[in-house]
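Undergrad: In terms of the UniProt record's numbering, the sequence shown opens at residue 1 and continues consecutively.
One structure follows; several queries about it will come next.
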Amino acid sequence: MIEPGESFGETLTHLWHILPLALLFSLPIAALGGVVLYVVRRGSLATTLTVLVLIPVLATLVGVLGVSGFMFTPALTTMLLVCLLVAVVTVPAAIILGRAIARRSVWEREARNRERAAEASRRELVAWISHDLRSPLAGIQAMAEALADGVVSERDEVADYAQRIGGETRRLSAMVGDLFELSRITAGALELTMSAVPLRDVVSDAVAAQSPVAERKRVRVLANASTWPVVTGSDPELARIVRNLVSNAIRHTPPDGTVAVQIGVDGDEALLAVDDSCGGIPDDEISRVFDVAFRGTQARTPERGGTTSGGGLGLAIAKGLVEAHRGKIGVHNHGPGCRFEVRLPLAMS
């Protein structure tokens, strides 16, 4: 026992005598703790931190007991009580800290995954731009040079070339517009003016706008509603969502097929469903439908007359706009084709 009046040299002598006993009793606890840490190394971070906190507390406790010869004097009892109080305070703190660090680690891992996915999407977008934007430009240039050089001189041929140039120009303009819209969404620069918007007006306008395209393809577009809800959103962006989904459905529906737009209410959400007759989406592609520039096995070559196979951005834009409205969008195979479902929050009455 170290007395209060001892000199520094005497204190060091006592410490030298105590050290072997302290190591003899505390080192096995530390080694056992190391084994436990190895066993739980793949467990939760909270468990690991709890073990790390308990190891020095238990090693100290056992070391003190060993040095004292297990003679429970008032000083030893006080020391044991202090160790117990330390454990009571530090173990819950370790559990809370471990869970907080684990949540942050999960968030950082998810952030890295999102960053890698975004980088892959950017690379895919660059590849898409290099192909799809150059294709209409090359066509316009070739036809313009043919007209300028007099290679095409017959009135019907000139009119045909002019029509095709106009179609390619509209296609190019639509791609640039989609690219600009997507850049606003991904950059977080999209500003929505929220208000109560009746879905009846949005759907009616979108179906009317796509009617000429549907008629040219001999596709019937039907709109049915069990009720016409009012949602909280921005009118132009909601119209863009419906227009993109209906346009996509018409594009993938064969002649004499049907596109059905159905409106209803599910709980506190408005439900918009667009059914097509595309024959279904392969299981290995359905999860990528909303990816930027993804068009599955569909050909990139535009159809004659100016209609296109799509720039591959319409569904990505629709997804971004739906999420900007705090809604959800999904797709699954349904009947003779697939169904795109959009859920939007109802306007507060």
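Think of the CB as a built atom: it goes at the ideal place given N, C-alpha and C, for glycine as much as any other residue.
Cβ of Leu272 within 8 Å of Cβ of Ile185?
TA: Their beta carbons are not under 8 Å apart, which means Leu272 does not touch Ile185 by this criterion.
Undergrad: Counting pairs of Cβ atoms below 8 Å between the segment 220–235 and the segment 193–204, do you hit three or more?
TA: Yes, the segment 220–235 is in contact with the segment 193–204.
Undergrad: For a test of the three-state rule: what should DSSP assign to Gln298, helix, strand or coil?
TA: At Gln298 the pLDDT is 48, less than 50, meaning the model places this residue with poor confidence and gives no usable figure here.
Undergrad: Indicate whether Arg164 and Met143 have their beta-carbon atoms separated by less than 8 Å.
TA: Result yes, Cβ atoms of Arg164 and Met143 sit closer than 8 Å.
Undergrad: Quick check for students: name the residue ranges of the beta strand (DSSP E) that lie wholly in the segment 253–298, counting only runs of 3 or more.
TA: List check, beta strand (DSSP E) in window: 258–266 and 269–275.
Undergrad: Quick check on Glu191: does DSSP put it in helix, strand or coil?
TA: Three-state DSSP puts Glu191 in coil, outside helix and strand.
Undergrad: Please state whether the Cβ-Cβ distance between Gln210 and Val261 is less than 8 Å.
TA: Cβ atoms of Gln210 and Val261: not closer than 8 Å.
Undergrad: Below 8 Å between beta carbons: does that hold for Thr50 and Ala94?
TA: Yes, the Cβ-Cβ distance between Thr50 and Ala94 is below 8 Å.
Undergrad: If you drop the 5 nearest sequence neighbours on each side, which residues of the same chain put their C-beta closer than 6 Å to that of Val230?
TA: Taken in chain order, the residues that qualify are Ala196, Pro198 and Ala347.
Undergrad: Using the DSSP secondary-structure output, state which residues sit across from Ile95 in a beta bridge.
TA: Ile95 is not bridged to any residue.
Undergrad: Taking the alpha carbon of Val292 as the point to measure from, which residue in Arg134, Glu108 and Leu182 has its own alpha carbon closest?
TA: Minimum Cα distance to Val292 is reached at Leu182.
Undergrad: Where does Ala30 sit, in a helix, a strand or coil, going by DSSP?
TA: The answer is helix: DSSP assigns Ala30 an H, G or I state.
Undergrad: Check whether the segment 76–93 and the segment 53–68 are in contact - that is, three or more C-beta pairs closer than 8 Å.
TA: Yes: at least three Cβ pairs fall under 8 Å.
Undergrad: Give the DSSP-derived three-state secondary structure of Ala118 in the structure shown.
TA: Reduced to three states, the DSSP call for Ala118 is helix.
Undergrad: Nearest CA to the CA of Phe25: which residue from Phe180, Phe70, Leu52 and Val39?
TA: Comparing Cα positions, the closest option is Phe70.
Undergrad: Name the one or two DSSP bridge partners that Ile233 has.
TA: Looking at the sequence itself, residue 233 is Gly, so the reference to Ile does not match. Beta-bridge pairing links Gly233 to Ser195.
Undergrad: To the nearest angstrom, report how far apart Glu145 and Gly337 are at their CA atoms.
TA: Spanning the two alpha carbons is a distance of roughly 43 Å.
Undergrad: Can you give me the Cβ contacts of His252 inside the same chain, cut-off strictly under 6 Å, excluding the 5 residues immediately before and after it?
TA: The answer, listed in chain order, is Asp276 and Cys278.
Undergrad: Determine the extent of the beta strand (DSSP E) in which Glu341 is found, giving its start and end residues.
TA: First-last of the beta strand (DSSP E) with Glu341: Gly337 to Pro345.
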